[in-house]
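In the numbering used here, the protein residues as written are -18 to 385.
All C-beta atoms, glycine included, are put in the ideal place defined by N, C-alpha and C.
All values derive from a computational prediction rather than experimental measurement.
Report on the following structure.
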């Protein structure tokens, strides 16, 4: 494949296509418990059609020996879907910026995801996506079941706001809750509530408490009934539910596993890391690699601002200047949240952090769409992106676009 050229032509569906063939007519939003693949496969949204064509083109250039693995993971297992999507995107990216791209190459009886040559330097690339723990996954599913039951309520000219204050550890019966919400909303007059909101910016609210669950609802009046073709949810705004997740620990665990497995490559080794969680941020990776941040300083006399500066504890994957760790790990290319709509999103930017004491450094400037942390005199120089990932991949900006 020539560098810098995007593949614009659509791929005719075959037995080895990512998606099913056929015309799509369903313009509804995704169900709360619907898998990412299911929605991408059946939606008639224009943006989803654009995404399908792009992903099919990327899939078409995979080696035949790799297609069934990517296809099955992308389509069948929701927890594997994100990993397959990341590998598909990285393969396309490497084909555009590197030469000699190999898929599942063999190194000392190990098979990393990719090997490639960038400006004369051969390197090894491994992709990984962190997932929710079983405990977090089960908690999320309990919350989803409650929301799905509430969404089935006919709330007329009201949308509900949901604010999860406390989550129980067991699935509560939703029949009583839905009945209570229905009676509450039916007792309200939308025009009166609209006037109330315009005058005082206040809305009518109710709270529900049972078995450790505490949820605050507000009834938000709308000027007209929602368009049934597109809107089928009673809940229009959602808050809460994040909790204490320790995502830096999860990222560090995943990276430690990869570093231990590929310890003897004797080549630059890049791990491309992402997460299926919507709560993972840049700071989580920084603490996983460099260590937890503490404030060091002293208090000043009264009336003078105290002098405290952030400092890393050096308990991360890279170790410390005196005791560096995992020096065979050259760099981490990080995408906070992986998904079709976040792959090129500006609110989830790519980040490349080089190991300060790497035995086999990664070439600089390889990923110009990412903010690059380059070790320099005991600190990091941050180089801002000079191009978007959309431009590198030959995609529209935004991609795949938002449905109106």
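It is roughly 44 Å from the alpha-carbon of residue 134 to the alpha-carbon of residue 351. Beta-bridge partners of residue 7 (DSSP): 24. Residue pairing by DSSP places residue 187 opposite 198 in a beta bridge. Straight-line spacing of the CA atoms in residue 218 and residue 30 works out to 27 Å.
Between residue 251 and residue 377, the alpha-carbon positions lie close to 27 Å from each other. Counting C-beta pairs with one atom in each stretch, the region 231 to 242 and the region 179 to 188 have fewer than three that are closer than 8 Å, which means they do not touch. Contact check for residue 69 against residue 106 fails: the beta carbons are separated by 8 Å or more. For residue 237, the three-state secondary structure derived from DSSP is helix. A distance below 8 Å between beta-carbons, with the five flanking residues on each side excluded, links residue 244 to the following residues of its chain, in chain order: 309. Per the C-alpha coordinates, the member of 301, 102, 101 and 109 positioned closest to residue 94 is 109.
Counting C-beta pairs closer than 8 Å gives three or more between the region 17 to 24 and the region 1 to 9, which meets the contact rule.
By the beta-carbon neighbour count (other beta carbons within 10 angstroms, threshold 16), residue 337 is buried. Only residues of its own chain outside the window of five on either side were considered, and among them 111, 254, 256, 261, 265, 266 and 269 have a CB closer than 8 Å to the CB of residue 232, listed in chain order. No Cβ-Cβ contact shorter than 8 Å links residue 53 with residue 382.
Within the same chain, and ignoring the five residues on either side of residue 196 in sequence, the residues whose Cβ sits closer than 6 Å to its Cβ are 145 and 189. Only buried fits residue 307, as 16 or more other CB atoms lie within 10 angstroms of its CB. In this structure residue 345 touches residue 355 by the C-beta definition: roughly 6 Å separates them, less than 8 Å. Between the beta-carbon of residue 138 and that of residue 86 there is about 60 Å, and that puts the pair past the 8 Å contact cut. The beta carbon of residue 82 sits closer than 6 Å to those of 75, 76 and 97, all from its chain and outside the five residues before and after it, given in chain order. Residue environment analysis places residue 204 among the exposed positions, since fewer than 16 neighbouring C-beta atoms fall within 10 angstroms of its C-beta. Per DSSP, residue 182 has no beta bridge partner at all. By the neighbour-count criterion, in which 16 or more other beta carbons inside 10 Å mark a residue as buried, residue 57 falls on the exposed side. Of the residues assessed, residue 300 falls on the buried side of the cut-off, its CB having 16 or more other CB atoms within 10 angstroms.
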